[in-house]
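Take a look at the structure below.
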Amino acid sequence: MKLKQRETWLRATITRIAGKPADAVSADADLQEAVGLDSLGRLEVLSEIEDEFDFLIDDQEIFTSATITRMLEVIRRHLAEDTKDEG
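Per the numbering used here, residue 562 is the first one in the sequence shown, and the count goes up by one each step.
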């Protein structure tokens with residue numbers, strides 16, 4: 562999945578969980594402020610990310626990632642680590 566596809570998927574996942582339209586949040590908006598994504602919502606997003614990309618993420622990585630951009634960086638880093646482990 563390319564970066565733009567990941568961003569589209571993540572935005573759709575977050576806004577679905579928050580019950581908001583996909584255009585309700587920009588990539589750099591604080592998710593708590595923009596769509597009201599609370600700690601339970603972040604755990605749901607974490608679970609969806611782990612299922613979609615087939616890796617485990619430390620809860621704190623998601624809780625400290627307040628924007629879509631930051632969450633995408635966490636995903637990218639984990640995908641890169643998985644690639645290194647396979648090589």
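Note that the Cβ used here is the ideal one computed from N, Cα and C, for glycine as well.
**OP:** Would you give the residue range spanned by the alpha helix (DSSP H) that Leu-598 belongs to?
**Re:** Taken as a continuous stretch (DSSP letters only), Leu-598 belongs to no alpha helix (DSSP H), as it is neither H nor E.
Original post:
Any idea what DSSP makes of Ile-636, helix, strand or coil?
Top reply: It is helical.
Original post:
When you compare each of Lys-581, Met-562, Gly-602 and Gln-566 to Ala-627 by their alpha carbons, which one comes out closest?
Top reply: Answer by Cα proximity: Gly-602.
**OP:** Decide if Ala-579 is buried, meaning its Cβ has at least 16 other Cβ atoms within 10 Å, or exposed.
**Re:** That one is buried.
Original post:
Just checking, does the stretch 573-593 make contact with the stretch 616-623 on the three C-beta pairs under 8 Å criterion?
Top reply: Flag = no, the stretch 573-593 and the stretch 616-623 do not touch.
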